[in-house]
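Protein chains in written order, with my numbering: chain A, 5 to 80; chain B, 17 to 347; chain C, 639 to 1167. Remarks on the structure that follows.
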């Protein structure tokens, strides 16, 4: 989780990712930023994110992303 | 969810009644708009100079000509008046097709009761795809019934007096619908109308409207004559064959002036204004005199020569004749 | 059959609605499918065969994929652990082969029909440069209606099945309806199978609300198309047909009017088709969300032709950036570049393909490639310089959420978009540049007062109509931006007020429309792609 927050802070400084819980609806993360993030997450955590996983529910908050990462790791 | 009017479930009957009233109101408003947003002077009605027909006394015409620019430029009512004493008018619209001819005829018959209607056969062939031709026919019909669709741009000239809906049909066209053009541009193309068995059929829509014209004339006791005004560009033997067949099947007279143009002295070197598309006034004069003779020999119209009520025609002919005899040909 | 024709609105749509609600619910899809095929046949005749080939190809390949996936799921448990990896790899390869085949058929047809002359021209240029004596003749090919639209929809279905987003459909009628549905076949919006196919197939009950709301949307669309877009068309045509004759304010006016034209027309067409579909109880995807309120070009493209943007994102951007080889590449880049660029490059590279595809999708010429590259350059630059820019802003204590800053962003985006429109509309790429230059070289405020603007094909009354029309569109947009649903609001009013609004709208189109004598009918721009 800490590593994830670190990546997020790096991507978009000045946002408190631990608190925000609707990053997509509030327009904090755009689809291109999400792409950057996805590529980052894949290489950092060694997971495979499929296009089907890229839905607002999985990226609306740091917690949701963490849940996604955990799930994908377990699947491997 | 809020209880909006549309959400509230009205009974089917209520909805239906409301719908009927809506449609009714729509058509009432459409009729109203068609009387307000329309030129009040006949000068601006219809195309070319066809609006001039509205200023003539009721039921004063012996015949009318319907067609497109070929008819408007290739036919001169004043020459027929002078030669045979028949009063007529040329009602043309640019690119008129058969649907346009049909509705034009209906418009004319509101105020006139001619004995003979001459239809220029060029309107039977439309150079359009089936689809845009259908769309065109639909809009012609809509425009006929609700003129706001035709004259909607008149809103730009709308004044207070327009809301009184008072018409002012006093504008008189001195050439009776004929566009008198002195331009000369010779047709040097090959001989046309070579004999062939080929038949270029009319489209079903055009034939449908031609049937309607035929029936309308029959119901009103009007003699319908199909006439092909000379035009090497727009007429061919294959088209002639199709029209001749139609005329035969329906007991109509068909006169193709392309066939024997030498007989009445038409000269392609001097009588066309644009290399064989349209006739100029010199060609129109020859065509009209020939056609007048044809009418007088075949239909025995009584005419109005010498009728004092028609004095204005003599005056108009005098100035028309002066114009074409003195105006210098141009190109 | 244009969506703004009498034949569509009065005859075709009217008859189809009557028939649709006259038959029992479970047969209603048949009416829709037949109507769609009739619509297509009336416009494209025998070229309907291409649509049918696409339909059949994705249907069959979808079933095939479904079989592969199913047998994998069934056999998975019985395969020993050590062989499982090899088994799943083998399945993945087979799945890829089928998808490849389906895409080959569909994009192959598109490439052949739409792009073969473009390829031939370029090949000829190259062979001339190399002094080769090879010349490919270009042919006149009539494009089947909406091929650029249904091909992408067919691709989206097959990829969705491949990805497991939806199951292969066993019912060919549903696929056929999804691809050929007459409201979206000509110019979109791009529908997705999972959102639309079920809706199209199930019979919808008659709903007074859906019917009236749909009709209102159609009238609003007609207003934008006939009153506004077709009116400015005369001026736009004039200026772009004689670019050397105009400079300065004329060019600015021409570009602004073209932007207005294409927006009013494309969004108007979307209103007409969405309204048409709504009258059957079917909801199509939204294609416009007031794009001119965007603060950046990236945001503009999320709000303009939204379904195309979403398609490019889901099927090009994702496919590329999540592929294994690309992951390796981005890892490699990151290991070399530790700075910010190392992070943005993995996004910027696939974006190139997205914009190249987007450009070419609009048309088979280098002009449209330039159009795509123009936007690509702006977006890539924006991403690369974002860290620098944000440091600059904080150093200068600029509040990036302040009113003034936001307003400046709106203006900047608007100007950039208009330059894009200039490239899009200019007859050739060279003309676009010379027109842009002439804005500055031939600038002269005098034309505003000397009456020159009235000689472009619009009289003063036409300018009034455009001004009022724009104000109406702006007010509607502002209300929508505030979250007001206008049709709901109207529905709350009493019947007298409602009818006044309806009749005012209908007669505004009839009286102020730019149609009939003096106007040439204007084809929808996007219907030509």
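Glycine included, each C-beta is placed from N, C-alpha and C at the ideal position. Model, not experiment: these values are computed from the prediction.
Chain-ordered neighbours of residue i on chain A, where CB pairs are closer than 7 Å
i, result
"residue 982 of chain C", "40"
"residue 975 of chain C", "Those do not exist, as residue 975 of chain C stays about 13 Å from chain A at its closest Cβ, beyond 7 Å."
"residue 955 of chain C", "39"
Where residue i meets chain C, residues with beta-carbon distance less than 9 Å
i, result
"residue 160 of chain B", "Neighbours of residue 160 of chain B on chain C: none; closest Cβ ~13 Å, over 9 Å."
"residue 50 of chain B", "Those within 9 Å of residue 50 of chain B in chain C number zero; the least Cβ separation is about 10 Å."
Rounded straight-line distance, which links the Cα of residue j to that of residue i
i, j, result
"residue 1024 of chain C", "residue 1071 of chain C", "28 Å"
"residue 830 of chain C", "residue 175 of chain B", "53 Å"
"residue 194 of chain B", "residue 84 of chain B", "11 Å"
"residue 701 of chain C", "residue 735 of chain C", "14 Å"
"residue 219 of chain B", "residue 1083 of chain C", "54 Å"
"residue 838 of chain C", "residue 1163 of chain C", "27 Å"
"residue 196 of chain B", "residue 71 of chain B", "20 Å"
"residue 921 of chain C", "residue 647 of chain C", "18 Å"
"residue 50 of chain A", "residue 70 of chain A", "14 Å"
"residue 871 of chain C", "residue 1113 of chain C", "23 Å"
"residue 1008 of chain C", "residue 1000 of chain C", "11 Å"
"residue 30 of chain A", "residue 1028 of chain C", "20 Å"
"residue 20 of chain B", "residue 847 of chain C", "With a pLDDT of 44 at residue 20 of chain B, under the threshold of 50, the predicted position of this residue should be treated as unreliable, though the coordinate-derived value follows. Cα to Cα, the separation comes out at about 10 Å."
"residue 855 of chain C", "residue 957 of chain C", "36 Å"
"residue 170 of chain B", "residue 1044 of chain C", "44 Å"
"residue 836 of chain C", "residue 809 of chain C", "11 Å"
"residue 251 of chain B", "residue 138 of chain B", "7 Å"
"residue 17 of chain B", "residue 1126 of chain C", "For residue 17 of chain B, the pLDDT reaches just 36, beneath the cut-off of 50, and the residue's location in the model is therefore unreliable, leaving the point undetermined."
Chain C contact residues for residue i, given Cβ-Cβ distances below 8 Å
i, result
"residue 134 of chain B", "The contacting residues do not exist; residue 134 of chain B stays about 25 Å from chain C at best."
"residue 172 of chain B", "1097 and 1099"
"residue 169 of chain B", "1154, 1155 and 1156"
Paired residues, beta bridge with residue i - DSSP
i, result
"residue 107 of chain B", "B:82"
"residue 272 of chain B", "B:244"
"residue 1094 of chain C", "The partner list for residue 1094 of chain C (beta bridge, DSSP) is empty, contrary to what the question assumes."
"residue 239 of chain B", "B:132"
"residue 199 of chain B", "B:346"
"residue 656 of chain C", "Partner(s): none; residue 656 of chain C has no beta bridge."
"residue 184 of chain B", "B:57"
Contact list for residue i against chain A, beta-carbon separation under 8 Å
i, result
"residue 801 of chain C", "54, 55 and 56"
"residue 959 of chain C", "39, 42 and 43"
"residue 969 of chain C", "47"
Residue i: contacting residues in chain B (beta-carbon distance under 7 Å)
i, result
"residue 994 of chain C", "Ordered by position in chain B, no residue passes the 7 Å Cβ test against residue 994 of chain C, which lies about 36 Å from the chain."
"residue 643 of chain C", "151"
"residue 639 of chain C", "147"
"residue 1186 of chain C", "Nothing about residue 1186 of chain C can be read from this structure; chain C reaches only from 639 to 1167."
Per-residue contacts from residue i into chain B (C-beta, under 8 Å)
i, result
"residue 1137 of chain C", "38 and 41"
"residue 1141 of chain C", "41, 42 and 45"
"residue 1145 of chain C", "45 and 49"
Proximal chain C residues relative to residue i, where beta-carbon distance stays under 7 Å
i, result
"residue 34 of chain A", "936"
"residue 166 of chain B", "1154"
"residue 53 of chain B", "1149"
Partners in chain A for residue i, counting only beta-carbon separations shorter than 9 Å
i, result
"residue 654 of chain C", "Going along chain A, no residue has its Cβ under 9 Å from residue 654 of chain C, so there is no contact; the nearest lies around 35 Å."
"residue 791 of chain C", "Those within 9 Å of residue 791 of chain C in chain A number zero; the least Cβ separation is about 17 Å."
Option nearest residue i by Cα separation, candidates the options
i, options, result
"residue 211 of chain B", "B:254, B:241, B:236 and B:224", "B:254"
"residue 157 of chain B", "B:173, B:172, B:181 and B:121", "B:121"
"residue 811 of chain C", "C:805, C:819 and C:804", "C:819"
"residue 92 of chain B", "B:77, B:338, B:325 and B:302", "B:302"
"residue 184 of chain B", "B:346, B:162, B:309 and B:55", "B:55"
"residue 279 of chain B", "B:306, B:294, B:270 and B:287", "B:306"
"residue 909 of chain C", "C:1094, C:897 and C:923", "C:923"
"residue 953 of chain C", "C:1161, C:720, C:797 and C:1117", "C:797"
"residue 323 of chain B", "B:76, B:36, B:31 and B:132", "B:76"
"residue 788 of chain C", "C:773, C:826 and C:769", "C:826"
"residue 776 of chain C", "C:1017, C:912 and C:753", "C:753"
Amino acids of chain B, ordered along the chain, whose beta-carbon sits closer than 9 Å to that of residue i
i, result
"residue 680 of chain C", "146 and 147"
**Message:** Going residue by residue through the region 87 to 152 of chain B, where are the continuous alpha helix (DSSP H) segments of at least 4 residues, counting only ones entirely within it?
**Reply:** 93 to 100 and 114 to 125
**Request:** Scan the region 1105 to 1150 of chain C and note each continuous alpha helix (DSSP H) run of 4 residues or more that stays entirely inside, going in chain order.
**Result:** 1124 to 1130 and 1133 to 1150
**Request:** Could you tell me which uninterrupted alpha helix (DSSP H) segments, each at least 4 residues in length, are contained entirely in the region 258 to 327 of chain B, listed from first to last along the chain?
**Result:** 297 to 315
**Request:** Go through the region 909 to 956 of chain C residue by residue and report every complete run of the alpha helix (DSSP H) that reaches 4 residues or more, in order.
**Result:** 935 to 941 and 944 to 950
**Request:** Please go through the region 975 to 1015 of chain C and give each complete alpha helix (DSSP H) segment of 4 or more residues, from N-terminal end onward.
**Result:** 978 to 1000
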